[in-house]
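Input: a single structure, listed below in C-alpha cells.
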Amino acid sequence: MRWKTRVVKVGRVSIGGDNPVRIQSMTTSDTRNVKATVDQILKLQDVGCEIVRMTVQGKKEAEACGEIKNELIRLGCDMPLVADIHFYPPAAMVVADFVDKIRINPGNFVDTRAIFKKIIYTDEMYAKEVLKIEEEFAPLIEKCKKRGVAIRIGTNHGSLSDRIMNRYGDTPFGMVESAFEFARVCRKYDYHNFLFSMKASNPLVMIHAYRLLVAEMVNIGWNYPLHLGVTEAGNGEDGRIKSAVGIGSLLLDGLGDTIRVSLTEDPWAEIDPCKRIIKFAKERSKLRLPTVDTLVPKTLKEGSVILKAKYDVSAADLVILASMELGAKLIDGLGNGVSIDSHHKSEDFERNLLQACRIISFKTDFIACPGCGRTLFDLQSVTNRIKEKTGHLPNVKIAIMGCIVNGPGEMADADFGYVGSRPGKIDLYVGKTCVEKNIDFIDAETKLIDLIKSHGKWVEK
Ligand code: SF4
Numbered sequence: 037m038r039w040k041t042r043v044v045k046v047g048r049v050s051i052g053g054d055n056p057v058r059i060q061s062m063t064t065s066d067t068r069n070v071k072a073t074v075d076q077i078l079k080l081q082d083v084g085c086e087i088v089r090m091t092v093q094g095k096k097e098a099e100a101c102g103e104i105k106n107e108l109i110r111l112g113c114d115m116p117l118v119a120d121i122h123f124y125p126p127a128a129m130v131v132a133d134f135v136d137k138i139r140i141n142p143g144n145f146v147d148t149r150a151i152f153k154k155i156i157y158t159d160e161m162y163a164k165e166v167l168k169i170e171e172e173f174a175p176l177i178e179k180c181k182k183r184g185v186a187i188r189i190g191t192n193h194g195s196l197s198d199r200i201m202n203r204y205g206d207t208p209f210g211m212v213e214s215a216f217e218f219a220r221v222c223r224k225y226d227y228h229n230f231l232f233s234m235k236a237s238n239p240l241v242m243i244h245a246y247r248l249l250v251a252e253m254v255n256i257g258w259n260y261p262l263h264l265g266v267t268e269a270g271n272g273e274d275g276r277i278k279s280a281v282g283i284g285s286l287l288l289d290g291l292g293d294t295i296r297v298s299l300t301e302d303p304w305a306e307i308d309p310c311k312r313i314i315k316f317a318k319e320r321s322k323l324r325l326p327t328v329d330t331l332v333p334k335t336l337k338e339g340s341v342i343l344k345a346k347y348d349v350s351a352a353d354l355v356i357l358a359s360m361e362l363g364a365k366l367i368d369g370l371g372n373g374v375s376i377d378s379h380h381k382s383e384d385f386e387r388n389l390l391q392a393c394r395i396i397s398f399k400t401d402f403i404a405c406p407g408c409g410r411t412l413f414d415l416q417s418v419t420n421r422i423k424e425k426t427g428h429l430p431n432v433k434i435a436i437m438g439c440i441v442n443g444p445g446e447m448a449d450a451d452f453g454y455v456g457s458r459p460g461k462i463d464l465y466v467g468k469t470c471v472e473k474n475i476d477f478i479d480a481e482t483k484l485i486d487l488i489k490s491h492g493k494w495v496e497k
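Quick note: the numbering used here has the sequence shown finishing at residue 497, numbered continuously throughout.
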C-alpha cells in the first residue's frame, strides 16, 4: 500500500495522491541553446518522460526557458518544465514566469557554499540565519503561489549548509531539517504546492533520509509528496543497481510519488529503468517474487546469511527486480550475501549488488554525476575512460563531477574527485580538499592515477 500524499500540480501533471508514480529526467544541453534543449525534451517525451528539468544558472538561462516553453507550445508539446536553481535566487524569480516547477536546494539557495569548518552556532546566530531564509525565499513563494508554480525542496546529502552540518551533522536528520527550514516558510505563507526530495549517492543514506522524512511528517501531520532519486549513481549496470536499490526499496515500502534514475548516460536512457522500477513496484503482488518468507537463508560456516532467489525474467528486468527485492533486504540488514539463480545475470551481478548495498567492496565505487547544462567536459566518455583505467581498486571511491556547483560536499563519500573547474580545466580532490587546481584536461586522467598511487591506493590489474 502506498503512503497517501496530498496532490501537487506541476503544469498538466499531478503528483501524489492516487496519481501514478511520475517519471522525470533532466536535459544535459546548455539551457541557453534553445534548439538543443527543445530537441532533448521532445526526445524525452517520445520515450515516456512526464516532467523535464533544466539547469538555470542565471537570468540568461531563466529567460531561455521562456523561449523553450514557447517553442514547445508551437510544436504541440505541453511537457511540464522544471528549473533547477542553485545559489542564485534572482534566477528563480525570473524563471518562475516560464516554468511549472522550481527545484531549490535548501543547502545553497540562501546559504553560501559550505566550508566544512567547526562553527559554534549560538541559538541567536542560528535563528538569524533561519530568518534570512524567510527573507530570501518568501518572494519566490508569493510568486509561485500567484502563478500556480510548484516547488521541490530538493535536499542533497552532499550540499548541506554549514549551519545544518554543525548542529545536526552530515546525517539523514540534518537532511530532513534542512528541508523543513524551507517547508515551514512555505506553510507560513499558506503555500502547499511543494514536495520533497532527499537525494544521496549512497543508497543507504538516501533510504534512511526518506524514511526519516516520512516519519517526521507523519508525526506532525504533513503529507507532502516525495520525489525519489539516488544522485550521481553513475552508468551501466552499477548505476541501475544503485538506483533500483534506493528508489525500488522505498517504492516497495509504499513511499514515493515521482522518480528519477540519474545516469551518466543520455537523458532518454533514464526512462527505461524508471518504467521497470515502477512496473515491479506496482505488480509485485501479482508476480511470483521472493519475499522475506520465501527467501532461503542459508547459514555459512562463518555465520553469514545468504539470500537465495530465482528469477525467470529478462536481463534488463533482472538488474532492476533483484536489486529492488534483494537490495531492500540487504540494506535493512536481513542478509550478508546473495545467491541468484538466473540465466541472465552478468558475471559480477551478485558482487555488484552487494557493493551497491555497501556490504563488500571488490572494485572501485564510482560516484558520477548525470551531467546537465553546467557540465564542463564530455562526461560520458571521460567516465568510461576513467572506469576502464581505475575500475579495479577495492575500497576506493572516485567521484567524477561535471562541475563544482554543489561544492566538494557533493562528493561527500569519495576518496578522490575529478571535477570540471572551467572549460578545458579539471580540479583534483582528495576527500573534500582540492589538491590540484586547473589541470589541463588532457593531463587530468594521468594525474588522477598518480594521485591515487601517491596515496597508496593503487593495485595493478
Ligand atoms: S555536478 Fe554534474 S549534474 Fe550537478 S550541476 Fe554540475 S554538471 Fe550538473
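C-beta atoms are modelled at their ideal positions from N, C-alpha and C, and glycine is treated no differently.
{"Asked": "Identified DSSP bridge partners for E86", "Found": "Its beta-bridge partners do not exist; DSSP assigns none."}
{"Asked": "Among G460, A450, R458, nearest to K468 - alpha-carbon criterion", "Found": "A450"}
{"Asked": "The ligand SF4 site residues, beta-carbon cut 5 Å against heavy atoms", "Found": "C405, C408, R410, T411, M437, G438, C439, V441"}
{"Asked": "CB-CB length for M447 against I403, believed under 8 Å", "Found": "6 Å"}
{"Asked": "Check whether L117 and D136 have beta carbons under 9 Å apart", "Found": "yes"}
{"Asked": "For D476 and K461, believed in contact at Cβ under 8 Å, the rounded distance", "Found": "7 Å"}
{"Asked": "Contact set for N144: own chain, Cβ-Cβ below 6 Å, skip 5 residues either direction", "Found": "H122, F123, S195"}
{"Asked": "C315 versus A280 - alpha carbon distance", "Found": "It should be noted that the sequence gives Lys, not Cys, for residue 315. Rounded to whole angstroms, K315 to A280 spans 12 Å at the Cα level."}
{"Asked": "Residues near S350 in its chain [Cβ-Cβ closer than 7 Å; skip 5 each side]", "Found": "H380"}
{"Asked": "Residues near W304 in its chain [Cβ-Cβ closer than 7 Å; skip 5 each side]", "Found": "K79, L80, V83"}
{"Asked": "Start and end residues, alpha helix (DSSP H) containing T207", "Found": "It is not in any alpha helix (DSSP H) - T207 carries neither H nor E in the DSSP assignment."}
{"Asked": "DSSP-derived helix/strand/coil call for F216", "Found": "helix"}
{"Asked": "Per DSSP, cross-strand counterpart(s) of K137", "Found": "V118, A186"}
{"Asked": "Residue span of the beta strand (DSSP E) that contains S233, given as start and end", "Found": "230 to 235"}
{"Asked": "Whole-angstrom distance between I51 and D147, CA atom to CA atom", "Found": "29 Å"}
{"Asked": "Nearest neighbour of T158, chosen from F152, E273, V166 [CA to CA]", "Found": "V166"}
{"Asked": "DSSP state of A150 mapped onto helix, strand, coil", "Found": "coil"}
{"Asked": "Counterpart residues of I277 in DSSP-defined beta bridges", "Found": "According to DSSP, I277 bridges with nothing at all."}
{"Asked": "Own chain, CB closer than 7 Å to P126, minus 5 neighbours either side, in chain order", "Found": "K95"}
{"Asked": "Bridge partner(s) assigned by DSSP for G272", "Found": "Per DSSP, none; premise fails for G272."}
{"Asked": "Reduced DSSP category for S61 - H, G, I as helix; E, B as strand; rest coil", "Found": "strand"}
{"Asked": "Those residues which DSSP pairs with A480 across a bridge", "Found": "Per DSSP, none; premise fails for A480."}
{"Asked": "Beta carbon of S65 nearer than 9 Å to that of R89", "Found": "no"}
{"Asked": "Cα-Cα separation between N141 and M242, rounded to whole angstroms", "Found": "16 Å"}
{"Asked": "Identity of the residues DSSP links to L464 by a beta bridge", "Found": "Y454, E472"}
{"Asked": "For A72, the nearest candidate out of D54, G53, I104 (CA to CA)", "Found": "I104"}
{"Asked": "Counted within 10 angstroms of its Cβ, other Cβ atoms place P56 as buried (16 or more) or exposed", "Found": "exposed"}
{"Asked": "Runs of alpha helix (DSSP H) lying entirely within the stretch 332 to 395, each at least 4 residues, in chain order", "Found": "351 to 367, 385 to 392"}
{"Asked": "Bridge partner(s) assigned by DSSP for K45", "Found": "S50"}
{"Asked": "Buried or exposed (CB count within 10 angstroms, at least 16 for buried), K399", "Found": "buried"}
{"Asked": "Spatial neighbours of I376 in its chain, beta-carbon cut-off 7 Å, leaving aside the 5 residues before and after", "Found": "A345, Y347, A358, F385, E386"}
{"Asked": "7 Å Cβ shell around R199 - same chain, five flanking residues per side excluded", "Found": "D147, Y157, Y162, E165"}
{"Asked": "Cβ pair A98, V46 closer than 9 Å", "Found": "no"}
{"Asked": "C-beta contact flag for V266 and P239 at 9 Å", "Found": "yes"}
{"Asked": "Short Cβ contact (9 Å threshold) for G284 with A364", "Found": "yes"}
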